[in-house]
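Colleague:
There are 2 protein chains.
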Amino acid sequence: MPISKAIIKKIKSLHQAKFRRVENAFFVEGKKSVEEALQSGWKVLYAFTTESNLSSDNMELITELEMAQISSLSTPSNFLAVMEIPQMSLEENSNKVLYLDGVRDPGNLGTILRTADWLGWKNVVLSNDCVELWNPKVIQSTMGSIFKVNVISDEAGTWLTEAQSKGSKIYGADLNGTSIKQELPQFPLVMILGSESHGIREAAKEFVQQYITIPSSGNAESLNVAIAGSIIMYQWS
Amino acid sequence: MPISKAIIKKIKSLHQAKFRRVENAFFVEGKKSVEEALQSGWKVLYAFTTESNLSSDNMELITELEMAQISSLSTPSNFLAVMEIPQMSLEENSNKVLYLDGVRDPGNLGTILRTADWLGWKNVVLSNDCVELWNPKVIQSTMGSIFKVNVISDEAGTWLTEAQSKGSKIYGADLNGTSIKQELPQFPLVMILGSESHGIREAAKEFVQQYITIPSSGNAESLNVAIAGSIIMYQWS
Numbered sequence: 007m008p009i010s011k012a013i014i015k016k017i018k019s020l021h022q023a024k025f026r027r028v029e030n031a032f033f034v035e036g037k038k039s040v041e042e043a044l045q046s047g048w049k050v051l052y053a054f055t056t057e058s059n060l061s062s063d064n065m066e067l068i069t070e071l072e073m074a075q076i077s078s079l080s081t082p083s084n085f086l087a088v089m090e091i092p093q094m095s096l097e098e099n100s101n102k103v104l105y106l107d108g109v110r111d112p113g114n115l116g117t118i119l120r121t122a123d124w125l126g127w128k129n130v131v132l133s134n135d136c137v138e139l140w141n142p143k144v145i146q147s148t149m150g151s152i153f154k155v156n157v158i159s160d161e162a163g164t165w166l167t168e169a170q171s172k173g174s175k176i177y178g179a180d181l182n183g184t185s186i187k188q189e190l191p192q193f194p195l196v197m198i199l200g201s202e203s204h205g206i207r208e209a210a211k212e213f214v215q216q217y218i219t220i221p222s223s224g225n226a227e228s229l230n231v232a233i234a235g236s237i238i239m240y241q242w243s
Numbered sequence: 007m008p009i010s011k012a013i014i015k016k017i018k019s020l021h022q023a024k025f026r027r028v029e030n031a032f033f034v035e036g037k038k039s040v041e042e043a044l045q046s047g048w049k050v051l052y053a054f055t056t057e058s059n060l061s062s063d064n065m066e067l068i069t070e071l072e073m074a075q076i077s078s079l080s081t082p083s084n085f086l087a088v089m090e091i092p093q094m095s096l097e098e099n100s101n102k103v104l105y106l107d108g109v110r111d112p113g114n115l116g117t118i119l120r121t122a123d124w125l126g127w128k129n130v131v132l133s134n135d136c137v138e139l140w141n142p143k144v145i146q147s148t149m150g151s152i153f154k155v156n157v158i159s160d161e162a163g164t165w166l167t168e169a170q171s172k173g174s175k176i177y178g179a180d181l182n183g184t185s186i187k188q189e190l191p192q193f194p195l196v197m198i199l200g201s202e203s204h205g206i207r208e209a210a211k212e213f214v215q216q217y218i219t220i221p222s223s224g225n226a227e228s229l230n231v232a233i234a235g236s237i238i239m240y241q242w243s
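In order, the protein sequence lines correspond to chains A and B. Sequential numbering of the first sequence, starting at 7, is according to our numbering. Sequential numbering of the second sequence, starting at 7, is according to our numbering.
Here's what the structure looks like:
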């Protein structure tokens, strides 16, 4: 049965952040991500495939033309699912939390979440000016890890105050910090990572008790934020 | 003096790989990358800026309209330099070499080179089906590190044979390898990194003496190739 025009229109609207907020929904594309979505326990609103042998009660068969209409990709995949945005919260008493301060690049955010999942950093907080979590490029870059990490947004900008009052040690990544190879982490901890262009902003810097850095033996002036974050999470996991 | 139509045409042609080969030239964009280019000692064919206060004997002033015509970026920067492609070679007796096997994504290759520069892995070999080194997106992602690392292409596919005969220990990154936290590197070494979708191909696998992996405490199925490479270079640098 062909997908209705109303549904096509609704899913296309989810390409834009404001409609994701209104509809409280986001979408994932690609076989692996859609598989993860269906197994996640999150609420599935729609799931589509163009592969007739893979369609099922869970995944409706649509044409490639229909897929091209709803996809955000220039080369659409054969799978797309629309999911309800869940209410996420951090694990209670998690001993390490990654705090991302002003990370605007969707690919970087997605890659950080994917790596956080791999390395067991399951709790991530986004400052209120990070790229929106449900941005299709963020979701794409997590490669399904979006369903396996806990991410909250620090809308009010008070999360660091709370973490500090609860006794977490607050670290910040900075070119002028102590080498992470020499510094032993004290748990529970919060690791703040700033954007590549601006570093950690003043508002978040106030909370940092210890700056750490990745020692360099070369001449590069900086590292990509996803790379720096991954090396730090690796060293301290 | 306005830039001639012939030069605009020539620089635009360098957006394509075949003309980069014919002209033996590539271009860099962005302030930091162009600064690095001018300081690199490599041969500068043209250097342009749209900022009148920064133009000099080394950098010709052009209009924003002219810049938009020669730029590969949807939002052009204020700086562009055209460079001669140099003859690069690896350092003699380098004790560690990164070998990239079939890495097709330009952003990943550029990011790996930038991180390699930071971590002191100055010698990199590309299999002959990697993305072309002089691709504008590769150059852009290196953030100027292209001028500080030695990169050669294994056109003939014989580089690993030579490295092996010279006594290098050859490692490969693989999900089923030994944990890199437990394995002590034996120098001189070659570290082979495959693409995310295909891993290390059979032709390169033949040479691998020891597989290593990044231990995971999460559920993610894989890591981005630039992330995996960076963590491995970090651990063994």
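Glycine included, C-beta positions come from ideal geometry on N, C-alpha and C. Keep in mind it's a predicted model, so treat the numbers as computed, not measured.
Where does Leu-125 of chain A sit, in a helix, a strand or coil, going by DSSP?
Modeller: Note: Leu-125 of chain A maps to helix in three-state DSSP.
Colleague: Could you name the residues that DSSP lists as bridge partners for Gly-178 of chain B?
Modeller: Per DSSP, B:Ile-198 and B:Tyr-217.
Colleague: Can you give me the Cβ contacts of Pro-92 of chain B inside the same chain, cut-off strictly under 6 Å, excluding the 5 residues immediately before and after it?
Modeller: Closer than 6 Å at Cβ, skipping near neighbours: Trp-48.
Colleague: Taking beta-carbon pairs under 9 Å, can you tell me which members of the stretch 210 to 232 of chain A lie near chain B?
Modeller: So the list reads Ile-220, Pro-221, Ser-222, Ser-223, Gly-224, Asn-225, Ala-226, Glu-227, Ser-228, Leu-229, Asn-230 and Ala-232, given in the order they occur along the chain.
Colleague: Using the three-state DSSP reduction, which class does Met-73 of chain B fall into: helix, strand or coil?
Modeller: Here Met-73 of chain B sits in helix by DSSP.
Colleague: Given 8 Å as the limit, is there contact between the stretch 201 to 217 of chain B and the stretch 167 to 179 of chain B, that is, 3 or more CB pairs closer than that?
Modeller: They touch, by the three-pair rule.
Colleague: Between the alpha carbons of Asp-123 of chain B and Ile-9 of chain A, how many angstroms are there, rounded?
Modeller: Near 51 Å, if we compare the C-alpha coordinates of Ile-9 of chain A and Asp-123 of chain B.
Colleague: With distances taken from CA atoms, which of B:Cys-136, B:Tyr-52, B:Ser-62 and B:Asn-134 is nearest Ile-17 of chain B?
Modeller: Ile-17 of chain B has its Cα closest to that of B:Tyr-52, out of B:Cys-136, B:Tyr-52, B:Ser-62 and B:Asn-134.
Colleague: Using 9 Å as the threshold, is the C-beta distance between Ala-162 of chain B and Asn-134 of chain B below it?
Modeller: Yes, the Cβ-Cβ distance between Ala-162 of chain B and Asn-134 of chain B is below 9 Å.
Colleague: Give the secondary structure of Phe-193 of chain B by DSSP, where H, G and I count as helix, E and B as strand, and everything else as coil.
Modeller: Reduced to three states, the DSSP call for Phe-193 of chain B is coil.
Colleague: Quick one: what's got a C-beta closer than 7 Å to Tyr-240 of chain B's C-beta in the same chain, skipping five residues either side?
Modeller: If we look at Tyr-240 of chain B and ignore the five residues flanking it on each side, its Cβ neighbours are Leu-125.
Colleague: If contact means a Cβ-Cβ distance below 9 Å, which residues of the stretch 121 to 136 of chain B contact chain A?
Modeller: Listed by position, the residues of the stretch 121 to 136 of chain B near chain A (Cβ gap below 9 Å) are Thr-121, Ala-122, Asp-123, Trp-124, Leu-125, Gly-126, Trp-127 and Lys-128.
Colleague: Is the Cβ-Cβ distance between Ile-198 of chain A and Ile-220 of chain A less than 9 Å?
Modeller: Contact flag unset, no.
Colleague: Below 7 Å on C-beta distance, what does Ile-237 of chain B contact in chain A?
Modeller: In chain order: Ser-236, Ile-237 and Tyr-240.
Colleague: Enumerate in chain order the residues of its own chain whose CB-to-CB distance from Glu-202 of chain A is below 6 Å, with the five nearest sequence positions on each side excluded.
Modeller: Within the same chain, Glu-202 of chain A has close Cβ partners Val-231.
Colleague: Given a cut-off of 9 Å, decide if Ser-147 of chain A and Pro-194 of chain A are closer than it, judged by their beta-carbon atoms.
Modeller: Taking 9 Å as the Cβ cut-off, Pro-194 of chain A and Ser-147 of chain A do not qualify as a contacting pair.
Colleague: Any heavy atom of the ligand SAM closer than 8 Å to the CB of Val-103 of chain A?
Modeller: With respect to the ligand SAM, the structure offers nothing, as it holds no ligand at all.
Colleague: Could you check where the alpha helix (DSSP H) with Met-94 of chain B kicks off and where it finishes?
Modeller: It is not in any alpha helix (DSSP H) - Met-94 of chain B carries neither H nor E in the DSSP assignment.
Colleague: For the alpha helix (DSSP H) containing Met-239 of chain B, name the first residue and the last one.
Modeller: Looking at the DSSP string, the run of the alpha helix (DSSP H) that includes Met-239 of chain B is 231 to 241.
Colleague: Measuring alpha carbon to alpha carbon, tell me which residue in B:Glu-66, B:Lys-37, B:Gly-108 and B:Ile-13 is nearest Ile-206 of chain B.
Modeller: Answer by Cα proximity: B:Gly-108.
Colleague: DSSP on Ile-9 of chain A, reduced to helix/strand/coil?
Modeller: Correct three-state label for Ile-9 of chain A: coil.
Colleague: Is the beta carbon of Val-137 of chain A sitting closer than 9 Å to the one on Arg-120 of chain A?
Modeller: No, these two residues do not count as a Cβ contact at 9 Å.
Colleague: Which complete alpha helix (DSSP H) runs does the stretch 117 to 161 of chain A hold, if anything under 4 residues is left out?
Modeller: Counting only runs of 4 or more, we get 142 to 148.
Colleague: Asn-59 of chain A and Met-73 of chain A: beta carbons closer than 9 Å?
Modeller: Cβ atoms of Asn-59 of chain A and Met-73 of chain A: not closer than 9 Å.
Colleague: Leu-86 of chain A by DSSP, collapsed to three states: which one?
Modeller: Leu-86 of chain A: strand per DSSP, three-state reduction.
Colleague: According to DSSP, Asp-107 of chain A sits in a beta bridge with which residue or residues?
Modeller: DSSP output for Asp-107 of chain A lists A:Gly-200 as bridge partner(s).
Colleague: In the DSSP output, which residue or residues are listed as bridge partners for Lys-24 of chain A?
Modeller: DSSP output for Lys-24 of chain A lists no bridge partner at all.
Colleague: First and last residue of the beta strand (DSSP E) that includes Glu-57 of chain B?
Modeller: Note, Glu-57 of chain B: premise wrong, no beta strand (DSSP E); not H, not E.
Colleague: I think Phe-54 of chain A touches Pro-142 of chain A, with their Cβ atoms under 8 Å apart; what is that distance to the nearest whole Å?
Modeller: Phe-54 of chain A to Pro-142 of chain A, Cβ: 15 Å. No contact.
Colleague: When Cβ atoms are compared, which residues of the stretch 97 to 118 of chain B fall closer than 7 Å to chain A?
Modeller: Against chain A - using a Cβ distance shorter than 7 Å - the residues of the stretch 97 to 118 of chain B are Thr-117.
Colleague: Quick check: what's the CA-CA separation for Ile-14 of chain B versus Ser-77 of chain B?
Modeller: If I take the Cα positions, the gap works out to 10 Å.
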